[in-house]
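Residue numbers (full-length UniProt numbering): 1 to 269. First up is the structure itself, then whatever we jot down about it.
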Amino acid sequence: MSTEPAKPPRPASTILLLRDSAETKGEIEVFMMVRHYEIDFNSGALVFPGGSVDKGDQDIIADPSLYAGGEGLDASALSFRIAAIRETFEESGILLARPKGSKVLVDAGRAGEIEAAHRADLCDNKITFLKVLTDNGMVLALDELVPYAHWITPEGMPKRFDTWFFLAAAPPEQAGAHDGKESTDSIWVSPREALEGGDSGRFKLPFPTTRNLIRLGKQSSVQAALDDSRGKSIVTVMPVMTKLNGGRQLRIPLEAGYDGDVFEVGAVG
Numbered sequence: 001m002s003t004e005p006a007k008p009p010r011p012a013s014t015i016l017l018l019r020d021s022a023e024t025k026g027e028i029e030v031f032m033m034v035r036h037y038e039i040d041f042n043s044g045a046l047v048f049p050g051g052s053v054d055k056g057d058q059d060i061i062a063d064p065s066l067y068a069g070g071e072g073l074d075a076s077a078l079s080f081r082i083a084a085i086r087e088t089f090e091e092s093g094i095l096l097a098r099p100k101g102s103k104v105l106v107d108a109g110r111a112g113e114i115e116a117a118h119r120a121d122l123c124d125n126k127i128t129f130l131k132v133l134t135d136n137g138m139v140l141a142l143d144e145l146v147p148y149a150h151w152i153t154p155e156g157m158p159k160r161f162d163t164w165f166f167l168a169a170a171p172p173e174q175a176g177a178h179d180g181k182e183s184t185d186s187i188w189v190s191p192r193e194a195l196e197g198g199d200s201g202r203f204k205l206p207f208p209t210t211r212n213l214i215r216l217g218k219q220s221s222v223q224a225a226l227d228d229s230r231g232k233s234i235v236t237v238m239p240v241m242t243k244l245n246g247g248r249q250l251r252i253p254l255e256a257g258y259d260g261d262v263f264e265v266g267a268v269g
C-alpha cells in the first residue's frame with residue numbers, strides 16, 4: 001500500500017449564473033459550458049464556469065477599493081470570491097462588476113467592450129485581472145455572490161480541488177459565450193433539461209454537477225434560489241468511494257442537503 005501523503009487540493013471556485021426562464025414559467029436557467037475533450041480534468045463534461053484561485057487574486061485583495069461586499073471576510077474567503085468572478089469572466093465573458101461609484105452592475109454594452117479588449121489576453125496571461133479592473137474603473141461585485149456548496153475532490157485522485165460554489169443572478173443582457181479553448185460550447189439550460197441530457201447521454205455530467213443541478217431544480221425562480229441559500233450554513237462534501245455487490249457508491253454527508261448520503265455511480269470496472 002502506498003504511504004505517500006494525499007495531494008493537497010487546489011483552491012478553486014465556480015459560479016452558478018442564474019436567470020429566470022423566458023420559455024417555461026416556474027423554471028430557472030443556469031449558464032453551463034462543455035469542457036474541451038483534450039482538457040485533462042472533466043474533459044467533455046458539461047460544467048459551470050470556474051477554475052483555480054491564483055496569485056493575482058491575492059493581489060486584488062490588497063486594494064479594497066477594487067471590490068464591494070468583502071466586509072468581515074478573511075483573505076481565504078475573499079480569494080475564492082475574486083477567483084469566481086475572474087474565472088467566470090475568462091470562461092464566459094460575463095462580468096460581475098460595477099463601474100466605480102455606481103450601485104448597478106456594468107451594462108451589457110460596456111461589459112462587451114471590456115471583454116473584447118481584454119478577455120483573450122487575460123486567458124493567455126498577458127494581462128492581469130487587477131489591471132483590467134483598474135484600467136476600466138471596475139469594482140468587483142462580491143456582494144452578488146451567495147455561497148451555495150463546498151466540495152473537495154476525494155483523496156487518491158490525481159487532481160484534487162477544494163471548490164466553493166456560488167450562486168449569482170446573471171447581469172441583465174449579458175448572454176455569455178465559451179472561449180473556444182478550454183470549452184467548446186455553452187448554453188443556458190434549465191436544471192431539468194441538463195439532467196435529462198445527462199440521462200440520455202447528450203451531456204456528460206460530473207457527480208457534483210449532477211447533485212447541484214438536482215438541488216437547484218427545486219427552485220422556481222432566481223430570487224427563490226438566492227433567498228433559500230442566503231445565510232445557510234455550508235456542509236463540506238468530500239465523497240468517499242465504496243464498493244458493494246459489484247457496484248460503486250459514493251458516500252457524502254446527509255446534512256449537506258443532497259437528498260441522501262449514498263449514491264450509485266456505476267459498476268466496478
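Quick reminder that beta carbons are idealized off the backbone N, C-alpha and C, glycines included.
Per DSSP, reduced to three states, the secondary structure at E87 is helical.
For G156, the closest of V240, R251 and L213 by C-alpha to C-alpha distance is V240. A68 sits in a strand when the DSSP states are folded into three classes.
In the DSSP assignment, V222 falls within the unbroken alpha helix (DSSP H) covering V222 to S229.
The shortest CA-to-CA distance from R98 to any of S190, K7 and D143 is the one to D143. A Cβ-Cβ distance of about 7 Å is found for the pair I114 and V132, placing them in contact under the 8 Å criterion. Boundaries of the beta strand (DSSP E) harbouring Q249: G247 to R251, taken from the DSSP string.
In the DSSP assignment, the residues bridged to M241 are L250. Per DSSP, the unbroken alpha helix (DSSP H) holding T210 starts and ends at F207 to L216. Its chain contains T14, Y148 and A149 as the residues whose beta carbon lies nearer than 6 Å to that of F165, once the 5 sequence neighbours on both sides are disregarded; these appear in chain order. A contact is defined here as three or more CB-CB pairs under 8 Å, and the segment 159-173 meets this definition with respect to the segment 9-29. The beta carbons of L105 and P49 sit no closer together than 7 Å.
Spanning the alpha carbons of L254 and T236 requires a straight line of approximately 11 Å. In the three-state reduction of the DSSP assignment, S79 falls in the helix class, which pools H, G and I.
Secondary structure at I187: strand, using DSSP grouped into helix, strand and coil.
Distance from D59 to L130 at the Cβ level is roughly 5 Å; contact confirmed, criterion being Cβ atoms closer than 8 Å. The DSSP assignment places complete alpha helix (DSSP H) segments of no fewer than 4 residues inside the segment 105-191 at 108-123 and 129-136, in order along the chain.
Judged by DSSP in its simplified three-state form, S52 adopts strand.
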